[in-house]
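Residue numbers (the numbering used here): 268 to 406.
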């Protein structure tokens with residue numbers, strides 16, 4: 268299982284996504300690519316903050332299509348088990364002097380529980396969280 272981070276989804280929503288990212292995505296079995304409910308929330312939050320208009324509506328429609336069709340049945344939820352894992356992960360990281368962003372920590376918890384690799388451009392955000400990380404911009 269490969270869990271795509273929010274920045275990968277954002278890249279895929281660009282008018283002209285980076286070819287390295289598209290090539291990498293297209294080389295993966297679709298059945299291995301998943302997203303988290305955290306990334307769904309982050310994408311929708313970003314769209315909600317946009318000024319009203321055609322651009323905002325276009326991004327909303329694109330996100331809805333991506334979530335409802337492209338990743339149908341492949342959105343992993345942040346559930347009670349992930350919450351317990353996240354709490355421990357965040358506390359352990361803080362005790363070591365590392366600050367964990369809530370969304371990144373929650374995505375890492377989901378990945379750890381599902382033995383998934385996190386696909387992200389922000390490798391350093393996940394380096395110390397005990398999950399495998401890959402960067403499709405550097406393949």
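Don't be surprised by glycine CBs; every beta carbon is placed ideally from N, CA and C.
Between the C-alpha atoms of residue 378 and residue 398 there is a straight-line separation of about 7 Å. Scanning the region 356 to 393 from its first residue to its last, the whole beta strand (DSSP E) runs of 3-plus residues come out as 384 to 386.
Assignment of residue 333 by DSSP, reduced to helix, strand and coil, places it in the helix class. For the 8 Å CB-CB criterion, residue 383 and residue 269 form a contact. By the C-beta density criterion, residue 351 is exposed, having fewer than 16 other C-beta atoms within 10 angstroms.
Secondary-structure assignment with DSSP links residue 343 through a beta bridge to 303.
Contact annotation: residue 310 and residue 344 have beta-carbon atoms that are not nearer than 8 Å. Rounded to whole angstroms, the gap between the alpha carbons of residue 388 and residue 404 is 7 Å. Straight-line spacing of the CA atoms in residue 304 and residue 356 works out to 19 Å.
Spanning the alpha carbons of residue 348 and residue 380 requires a straight line of approximately 8 Å.
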